[in-house]
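K.L.:
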Amino acid sequence: MLNNPLLLLVSVPIAAGILCLFLPDRLKAVTRLLVFAVTSASLAGSVYVFIKKPLYWQCCGSNVFLVDNLSAFIGMGIALFALLTAIYSFGFIEKSFGRYFGYVLMTLGSSFGVAFANDLLVLLTFWGFLGGTLYLLVNIQGTDKASAAAKKALIVIGGTDAVMLFGIALIWNITGTFSMDKINLSLDGPTAYIAFLCLAIAAFAKAGVMPFHSWVPDVAEDGPTPVTAYLPASLDKLLGIYLLSRVALHMFVMNAVSNTILLAVGAVTIIFAVVIALVQHNMKRLLGYHAVSQVGYMVLGIGTGTAIGIAGGLFHMLNHAIYKSCLFLSGGNVEKKAGTADLAKLGGLAKYMPVTFACFMVASLSISGIPPFNGFVSKWMIYQGIIESAGANNPAWALWLACAMFGSALTLASFMKLLHTIFLGRQAKGLKDVREVGFSMSFPIIVLGGLCLIFGVFAFKIPIPLFIAPSIGAGIAYLGIWKSVIATILIIVGILAGLLIYLRFKPGQFRTVKSFVGGEEADDLGRVSGVEFYDTIKDMKGFKTLYKKEETKSFDIYEVASKGTFSFSKLLQWLHNGILPTYLVWCLMGMIVLFFLLMK
Amino acid sequence: MKENLIPIFVILPLAGAFLISLLGKRIRGFSDIFSNIIAFLLLALSVYSVFVVNSVGVMVYKVGMWSPPIGISLVLDSLSSFMLVTINLIAFLIMAYAANYMEGYTAKWKFYVLFLLMLTGMEGVIITGDMFNLFVFLEMASVASYALVAYGTEAEELEASFKYLIMSSLGSLFILLGIAFIYGYTSTLNMADIANVLLQKGPGNIVLFVSVLFIMGFGLKAALVPFHAWLPDAHPAAPAPVSAMLSGVLIKALGVYALVRIFYSVIGSSPGILFVLMFLGAISMVVGVFLAIGQWDMKRLLAYHSISQIGYIFLGIGLGTPLGILGGLFHLFNHSVFKSLLFLNAGAVEYSTGTRDLREMGGLKERMPVTAGTSLIASMSIAGIPPFNGFWSKLIIILAAVQAGHPIYAAFAVIASILTLASFAKVQKYAFFGKLNKKFKDIKEVPVFMRGSMILLAAICIISGILVIPALSRFFLGPATDVLVNGTDYAKTVFGAIR
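Chains as they are written, first to last, in the working numbering: chain A, 503 to 1102; chain B, 10 to 508.
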């Protein structure tokens, strides 16, 4: 029993995490060593599981853990991001060292638990525990804003856990089993639909799909950066989309209605979140909204119901986790060194932080879907999936396709703003002493940036045949032709040609002068910061009301629900007026009703 | 002769109360040490009783050697020993906490006297096999609790205690009326005998009438909506150990246990009664939590949650299926643990900062790490975050509700669970996380006994989830569930145990 790799992968990180909680800050070196050992061993273990799959662990006569191609692939992703986050955090985290890494390791173990679980109750247990660790991780810095964001995340995620429990209860009642490999429900009644929706809602909340998205930007803005990169940007995406694909591919037989639900949710998420992201002033919040927007593609891909669309969705999940954690971690570098994440106060950092800039740019191009980076390939596959699914079952395919493509264009626009504002343009005041980060904070982003490139150029050689195609277990038929290696060579040739032309016109034949206004040196006046790039959209008709509504949080399910809750609570409190005779009357009324009910 | 064990549960705390009232004032520290010893002995005894009942079976003690149905009999079965363990575990830990906490009040020994009397009443209610005897013990516990709520003798406490007194007496009155009616109908007061007579005579309108009286009376003691209005005043006003005791076990011993025992073992559970229990449970669950989430007084918020959680227990037990009853009883145990812990946390915060208003707190985890940590665990438990105990019992209740064909009730349970989570996220955010309020930068963590009992309760929150795994459930929760599942076989078992 103890030599089962699955059980070890789940239990060792959790046990090590509990140990870490009690390690004082004095023993940072010990903590570091332990965390590094456990996370790298987990990565090795997950690779072993990936090679040896299918594996299982039995207890009480049923498969508690069962690893197939999909979960083995997810498991490797989890371990990779945990390792990179841990390395990054060695340089980033200063306070509450032991507690932070304790929670990180517990998160790692229970994420394995979610990915490997075959029993729905086991899945639910680990899933719920992850909500708790997220809450504690976001709270680790102890600021007021962080604790508000943590509260919101806990309520949205923990609340949807309860919804998921309800869905599991319904499934159990219909099928009589908790084993996911034995469940194959057709959506032929209201109960089955409700069960499907309950599980989908849990997956949506974890992954940050609208309308359960609002915790992601809040956590991104106010939480510690490595936590954002670790949970909302990578692990929660992996697990949320993992659950969604389990539900949609294995546990339920999808039909036109359920697919349309997913397509609509995905398309709305893409467009809406990216439009909001365009006008953000805080780097981390902006990235947070993109983390929401990109999930839309994954849901869209799975919603197409075609092999290539689903493969695209899963590939996009992996790619997103890579480039988004790269973005957050490089953003974290900027914040750490510049001391702010406010875009208005940043600018011209490319010169001082070249590594961070390069990685940030690669990841930005990936997320915007620029070839030859990985984001392009997966988006391309999703587009193909939508086109392939066109027909009677998917009459609105053109709409979904348009949403996806338009969303991609807006993403590019928004990252142009970000790149310009942070790294290019003239240097902002007060950023004189910014230096490049140390090794532990640059290593993870270099790895991630490299993966963006490798997974893009060799998409059809490495990630897709190795991870994606086995996971969905069906052949993928490509509609269009995209030879990524040839395309890359062409792109490189193009860039070289451009470089030649540029050099032909002899750069450096210009002079730099200071700008003056009325004889006085104008320091910040001439600086184009880029924060206001898209403010015109804000004043456009239609968009204006949208942004107004967003500012008043009308789209935030958490705020809307809490408004309703508190007004109902006020009503009930008003009824409890503290006057004894009123209360006695209630008792007697209650009795009368009971007499009526029982003795009629 | 193991049944001689049974009356000790009543004699021990009663004798303790008597001795403390004689000596407590004269000998310093006597009341602290003596009452803690008694509470520990009771805990040990009740754990022992679980083993005894598991090996010997149901035991009956004949008071004054008079055989039932003439004399009073005391009955110890698995459900009773389950309740005894719950009550005495909580009572012991609260007693240790009180040793430090009650320093702030004058005449500490009076507190112990009243506390032990209340304990006597509760243990009596659990082990009695006689209807009128049950009423006597119930009144004993209630009267002691009125005095304990008023213990601070400020305006707030007195008002709360008065309200509690009036409403609770109303409940007692209807219970007494019900007992009188049932005596008139069956000519006996012995619970097992009543069950036998009712089986022979068949259900009549009078039984339904009595059922309503009992639901109202015991429902009021258990704070079911709409009979709940005394609780949000009484529980916050009392000193923290008393609030913990009232919310943690008193409403369960006097309300839930008595109601369930009478309806399952004596009168027999009809679908109509079960429907009413489930319905009231569901309403309490939802109304309680909606009221709780709007509160800013920490103890008041907790008090409203007691209403809501009692609703869960009734929903589970009211389902009538073995799984539902198991979930209900398990939640009863878990709620005792985490709710008393939460009240003790609130008490600790009040002890150190002098306030119960969440808006005045903030960042207390820096200065009070033990209180903050244990309160986090208790909040996670009540909110149903795995792996803490509240998750497992809610899980079972929701599964059981769906299984029994009541998905709507399950959905209500889910909604209440979300709101519970939300309101405890609020407590954690305002009280313990965030920035430390400057006013409290010099406060200290609470003294050692208070810390110790909070840590022990938190440890139970973490590990008691394992009670439900089959190997352990067979031992503790399972037999208690079986008592209720077997229903009116109670009479047969009791009379079988006499001969």
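In this text, a Cβ means the ideal position worked out from N, Cα and C, and glycines have one as well.
Short of 6 Å in beta carbon distance, which residues of its chain neighbour P965 (chain A), apart from the five on each side in sequence? Order them along the chain.
P.N.:
Along the first sequence, one-based indexing puts residue 965 (chain A) at 463. Answer for P965 (chain A): F957, listed in chain order.
K.L.:
Does the separation of the CB atoms of Y732 (chain A) and T587 (chain A) fall below 7 Å?
P.N.:
Here residue 732 (chain A) refers to the residue found at position 230 of the first sequence. Here residue 587 (chain A) refers to the residue found at position 85 of the first sequence. With a cutoff of 7 Å on beta-carbon distance, Y732 (chain A) and T587 (chain A) are scored as near each other.
K.L.:
So if I threshold CB-CB distances at 9 Å, which residues from the segment 1029-1052 of chain A count as touching chain B?
P.N.:
none
K.L.:
Please say whether P245 (chain B) and Y313 (chain B) have beta carbons closer to each other than 7 Å?
P.N.:
Looking up residue 313 (chain B) in the second sequence gives position 304. Looking up residue 245 (chain B) in the second sequence gives position 236. No.
K.L.:
Three-state secondary structure (DSSP) at V1019 (chain A)?
P.N.:
For the purposes of this step, residue 1019 (chain A) is taken as residue 517 along the first sequence, with counting starting at 1. Three-state DSSP puts V1019 (chain A) in a strand.
K.L.:
Among B:L481, B:S178, B:G138 and B:T95, which one has its Cα closest to the Cα of V72 (chain B)?
P.N.:
Position 63 of the second sequence holds residue 72 (chain B). That would be B:G138, whose Cα lies nearest to the Cα of V72 (chain B).
K.L.:
Using 6 Å as the cut-off, classify the Cβ of C828 (chain A) as near or not near the heavy atoms of the ligand MN, replying yes or no.
P.N.:
Because no ligand of any kind appears in the structure shown, any question about the ligand MN cannot be addressed here.
K.L.:
Is Y541 (chain B) helix, strand or coil by DSSP?
P.N.:
The structure shown does not extend to residue 541 (chain B), since chain B spans only 10 to 508, so no value can be given for it.
K.L.:
Check each residue of the segment 411-423 of chain B: if its Cβ is closer than 8 Å to any Cβ of chain A, include it; give the result in chain order.
P.N.:
Going along the segment 411-423 of chain B in chain order, one finds V411, Q412, P416, A419, A420 and V423 with a Cβ nearer than 8 Å to chain A.
K.L.:
On a CA-only basis, which of A:L998, A:M756, A:L845 and A:T771 is nearest A707 (chain A)? Give me that one, please.
P.N.:
Here residue 707 (chain A) refers to the residue found at position 205 of the first sequence. Here the closest residue by C-alpha is A:T771.
K.L.:
Can you pull out the residues from the segment 392-406 of chain B whose beta carbon lies closer than 7 Å to at least one beta carbon of chain A?
P.N.:
A392, G393, I394, P395, P396, F400 and L404
K.L.:
Quick one: what's got a C-beta closer than 8 Å to V749 (chain A)'s C-beta in the same chain, skipping five residues either side?
P.N.:
For the purposes of this step, residue 749 (chain A) is taken as residue 247 along the first sequence, with counting starting at 1. Cβ neighbours of V749 (chain A) beyond the five flanking positions: F698, L701, A702 and A705.
K.L.:
Quick one: what's got a C-beta closer than 7 Å to A381 (chain B)'s C-beta in the same chain, skipping five residues either side?
P.N.:
Stepping through the second sequence from its first residue, residue 381 (chain B) is reached at position 372. The residues are L373, K374 and F441.
K.L.:
Output the residue ranges of the alpha helix (DSSP H) runs that lie fully inside the segment 442-497 of chain B and measure 4 residues or longer, sorted by chain position.
P.N.:
457-472, 479-482 and 486-495
K.L.:
Where do the N-terminal and C-terminal ends of the beta strand (DSSP E) with V84 (chain B) fall, by residue?
P.N.:
Taking the second sequence and counting its residues from 1, the one referred to as residue 84 (chain B) is at position 75. Element bounds for V84 (chain B): S82 to L85.
K.L.:
Return helix, strand or coil for N1079 (chain A), following the three-state DSSP convention.
P.N.:
For the purposes of this step, residue 1079 (chain A) is identified with residue 577 of the first sequence, where counting begins at 1. Reduced to three states, the DSSP call for N1079 (chain A) is coil.
K.L.:
First and last residue of the beta strand (DSSP E) that includes L568 (chain A)?
P.N.:
In the first sequence, counting from the first residue as 1, residue 568 (chain A) sits at position 66. Here the beta strand (DSSP E) through L568 (chain A) covers S564 to V569.
K.L.:
At 4 residues or longer, what runs of the alpha helix (DSSP H) sit wholly inside the segment 385-426 of chain B?
P.N.:
398-412
K.L.:
Check Q886 (chain A) in the structure and name its three-state DSSP category.
P.N.:
Stepping through the first sequence from its first residue, residue 886 (chain A) is reached at position 384. If DSSP states are grouped into helix, strand and coil, Q886 (chain A) belongs with the helices.
K.L.:
Ordered along the chain, which non-local residues of its own chain (more than five positions away) have a Cβ less than 8 Å from that of A651 (chain A)?
P.N.:
Taking the first residue of the first sequence as 1, we reach residue 651 (chain A) at position 149. Hits under 8 Å: V640, W717, D720, V721, E723, D724 and G725.
K.L.:
Quick one: measure Cβ to Cβ for I670 (chain A) and L622 (chain A), integer angstroms, because I've assumed they're closer than 8 Å.
P.N.:
Sequence index remark: in the first sequence, residue 670 (chain A) carries index 168 (1-based). Sequence index remark: in the first sequence, residue 622 (chain A) carries index 120 (1-based). About 5 Å; that satisfies the 8 Å criterion.
K.L.:
At least one CB of chain A closer than 7 Å to the CB of I271 (chain B): is that the case?
P.N.:
Along the second sequence, one-based indexing puts residue 271 (chain B) at 262. No, its Cβ sits nowhere closer than 7 Å to a Cβ of chain A.
K.L.:
With distances taken Cα to Cα, identify the nearest neighbour of F875 (chain A) among A:I991, A:V537, A:N675 and A:S548.
P.N.:
Within the first sequence, the letter at position 373 stands for residue 875 (chain A). The shortest C-alpha separation from F875 (chain A) is found at A:I991.
K.L.:
Rounded to whole angstroms, what is the Cα-Cα separation between M287 (chain B) and F323 (chain B)?
P.N.:
Within the second sequence, numbered from 1, the residue matching residue 287 (chain B) stands at position 278. Within the second sequence, numbered from 1, the residue matching residue 323 (chain B) stands at position 314. One C-alpha to the other measures close to 6 Å.
K.L.:
Mapping the DSSP letters down to three states, classify A619 (chain A) as helix, strand or coil.
P.N.:
If you number the first sequence from 1, residue 619 (chain A) lands on position 117. Strand.
K.L.:
Helix, strand or coil: how does DSSP classify L557 (chain A) here?
P.N.:
The residue labelled residue 557 (chain A) in the question sits at position 55 within the first sequence. L557 (chain A) falls in the strand class under three-state DSSP.
K.L.:
State yes or no: is the C-beta of K839 (chain A) within less than 7 Å of the C-beta of A930 (chain A)?
P.N.:
Along the first sequence, read from residue 1 onward, the residue named residue 839 (chain A) stands at position 337. Along the first sequence, read from residue 1 onward, the residue named residue 930 (chain A) stands at position 428. Cβ distance not < 7 Å, so K839 (chain A) and A930 (chain A) don't count as in contact.
K.L.:
Going by C-alpha to C-alpha distance, which of B:V258, B:G329 and B:S315 sits closest to S279 (chain B)?
P.N.:
Translated into the one-based positions of the second sequence, residue 279 (chain B) becomes position 270. Among B:V258, B:G329 and B:S315, the Cα nearest to that of S279 (chain B) belongs to B:G329.
K.L.:
Looking at the strands, I want to know which residues DSSP matches up with V755 (chain A).
P.N.:
Counting from one through the first sequence, the residue named residue 755 (chain A) turns up at place 253. Partner(s): A:S688.
K.L.:
At what residue ranges does the segment 892-968 of chain A contain a whole run of the alpha helix (DSSP H), taking only runs of 4 or more?
P.N.:
899-925 and 941-959
K.L.:
Please tell me whether G257 (chain B) and K117 (chain B) are closer than 7 Å, where the distance is taken between their beta carbons.
P.N.:
On the second sequence, residue 257 (chain B) is found 248 positions in, with the first residue counted as 1. On the second sequence, residue 117 (chain B) is found 108 positions in, with the first residue counted as 1. The answer is no: Cβ separation not under 7 Å.
K.L.:
Find the residues of chain B that neighbour D724 (chain A), judging by a C-beta separation of less than 9 Å, and give them in chain order.
P.N.:
Here residue 724 (chain A) corresponds to residue number 222 of the first sequence, with the count starting at 1. Within 9 Å Cβ-Cβ: nothing; D724 (chain A) doesn't reach chain B, min ~11 Å.
K.L.:
Taking all protein chains shown into account, decide if G211 (chain B) is buried (16 or more other Cβ within 10 angstroms of its Cβ) or exposed.
P.N.:
Position 202 of the second sequence, counted from the first residue, corresponds to residue 211 (chain B). Exposed, because fewer than 16 other Cβ atoms sit within 10 Å of the Cβ of G211 (chain B).
K.L.:
Mind checking who D1041 (chain A) pairs with in its DSSP beta bridge?
P.N.:
Counting from 1 along the first sequence, the entry for residue 1041 (chain A) is found at position 539. The partner list for D1041 (chain A) (beta bridge, DSSP) is empty, contrary to what the question assumes.
K.L.:
With a threshold of 7 Å between beta carbons, is V436 (chain B) in contact with chain A?
P.N.:
Against the second sequence, residue 436 (chain B) aligns to sequence position 427. Output row for V436 (chain B): interface = no.
K.L.:
What residues match up with T137 (chain B) in a beta bridge as DSSP calls it?
P.N.:
As a first step, residue 137 (chain B) is located in the second sequence; it is residue number 128 there, counting from the start. The partner list for T137 (chain B) (beta bridge, DSSP) reads B:L83.
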